[in-house]
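Each residue of the sequence shown is one higher than the one before, starting from -12 at the first, in this note's numbering. Where is the CB? At the ideal position from N, CA and C, for every residue including glycine. A short worksheet on the structure shown next.
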Amino acid sequence: MQKGRAFLCADAHPEEYPTVQAVKEMGRLLDERTGGRLGIKIYAGGQLGSERDTLEITAFGGLDMNRVNLAPLNAIEPMTVIPSLPFLFRSTAHMRAALDGAPGNELLASLNRHGLVGLCFYDSGERCFYNTKRPIRTPADMTGMKIRVQNSDLYVAMIKALGADATPMSLGEVYQSLVQGVIDGAENNWPSYESGRHFEAAPYYSLTGHVMAPEILVMSLSRWNRLSEEDQQTVRQAARDSVPFMRELWDRRVDGSRTRLLAAGVEANEVDDKNQFIDLMRPVWDRFVVTQDQKRLVAEIEAMGGEA
Ligand code: GTR
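Printed below as a string of structure tokens:
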């Protein structure tokens, strides 16, 4: 069968990162299931630009696919703030149940009105604070700290609620900014903290686990509309089938990153009382959950079981 042009996909992470490997697996499945007619070529390591920029290009049809975090979508589609709300998910099982179920499907579909097709969610674990100065045990330890956040008003509000200063910037700028003291810290999961080498400059990792927002794989709606219905089904199914593959890689990678970083001298600490963080951060929900649809979806997710 004739080989078609592979879908071009961007990812901010390096080649070996689980998100990149998962999209490659999806490409392998597409290739296998269409006799080589469909496939994916992935540009890893942020070589095509920041998540915010590549998302815009994808929405305009200049790029076929993009694997991003939900944060840069927050300004585009208000429903995407929901899985990013601090302390929404009670556990990994709860997060997975919500995203695999009706709430996840509704969120994926909400992107259609913005020139994007949501294909699937990938895990991103728990985001925690890390910094160059000291262990964060209480919110007071963060007073006045300059914390890098993703380009999302919700994240800016979360940091302000803790009494720290938020500095939005793209992932690619974080390492240099930590080294040069432009920022004091940032927040992310263990694998990103490792792969960006942020731990070298910011060795204090404090286990706040304040956000469990997933990653998302999106496709350009204009590219999608040029596929036959059968190919659309094949693409959707291959994306879905790459999720369990990713979760397995992810769980192993979180353990691996944690073990390697602790051995490399990272000082990880539990916070004194998570409720102090919850009490300060939870009120930002009221500012970002305003529409009836958002409120309904939050209630739906909160009512779900899934805590294993
Ligand atoms: C990572 C995520 C990236 C990016 C990054 C960031 O956890 O996988 O897509 O959003 O965080 O903080 O910019």
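Where the alpha helix (DSSP H) through residue i begins and ends
| i | result |
| --- | --- |
| Pro5 | 5 to 20 |
| Thr67 | Premise fails: Thr67 is in no alpha helix (DSSP H) and is neither H nor E. |
| Leu91 | Position check: residue 91 holds Gly in this sequence, whereas Leu was assumed. From DSSP, the alpha helix (DSSP H) with Gly91 extends over 89 to 96. |
| Met145 | 140 to 148 |
Same chain, Cβ closer than 6 Å to residue i, neighbours up to 5 away in sequence not counted
| i | result |
| --- | --- |
| Arg124 | Val258, Asp259 |
| Met13 | Ala225, Ala226, Ser229 |
| Ser209 | Gly48 |
| Met145 | Pro73, Met268, Val271 |
| Thr154 | Lys133, Arg135, Ile170 |
| Leu17 | Leu25, Gly26, Ala225 |
Where residue i sits in the DSSP three-state scheme
| i | result |
| --- | --- |
| Ser78 | coil |
| Ala295 | Because the pLDDT at Ala295 is just 48, under 50, the model does not fix this residue reliably, and the value given afterwards should be weighed accordingly. Reduced to three states, the DSSP call for Ala295 is coil. |
| His197 | strand |
| Phe135 | Note on identity: in this sequence residue 135 is Arg, with Phe being the wrong assignment. Of the three classes helix, strand and coil, the one that applies to Arg135 here is strand, per DSSP. |
| Asp260 | coil |
| Ser229 | helix |
| Ser207 | strand |
| Ser71 | helix |
| Val169 | coil |
| Val276 | coil |
| Leu236 | helix |
| Ser179 | helix |
| His185 | helix |
| Leu50 | coil |
| Gln220 | helix |
| Pro1 | coil |
| Gln281 | helix |
| Leu35 | coil |
| Thr130 | coil |
Bridge partners - residue i, DSSP secondary structure assignment
| i | result |
| --- | --- |
| Tyr191 | Asn118, Glu254 |
| Asn56 | Glu202 |
| Lys28 | Leu(-5) |
Cutoff 7 Å; reference residue i; Cβ partners in own chain excluding five residues on either side
| i | result |
| --- | --- |
| Leu296 | As displayed, the chain neither begins before -12 nor continues past 295, which places residue 296 out of reach and without an answer. |
| Pro65 | Thr278, Gln281 |
| Ala290 | none |
| Leu249 | Ala255 |
Beta-carbon proximity of residue i to residue j, cut-off 8 Å
| i | j | result |
| --- | --- | --- |
| Ala200 | Asn56 | yes |
| Asp110 | Trp237 | yes |
| Cys(-4) | Asp40 | no |
| His101 | Gly293 | no |
| Phe76 | Thr195 | no |
| Ile288 | Ala85 | yes |
| Ala58 | Gln8 | no |
| Leu158 | Gly131 | no |
| Ala46 | Thr119 | no |
| Leu103 | Ser215 | no |
| Leu284 | Ile63 | no |
| Thr6 | Arg54 | yes |
| Leu165 | Ser71 | no |
| Ile203 | Phe108 | yes |
Segment limits, beta strand (DSSP E) that includes residue i
| i | result |
| --- | --- |
| Leu103 | 103 to 109 |
| Ala173 | 172 to 175 |
| Asp152 | 152 to 155 |
Neighbourhood of residue i by C-beta, 8 Å cutoff - its chain only, sequence neighbours within 5 removed
| i | result |
| --- | --- |
| Val241 | Gly112, Asn176, Trp177, Pro178 |
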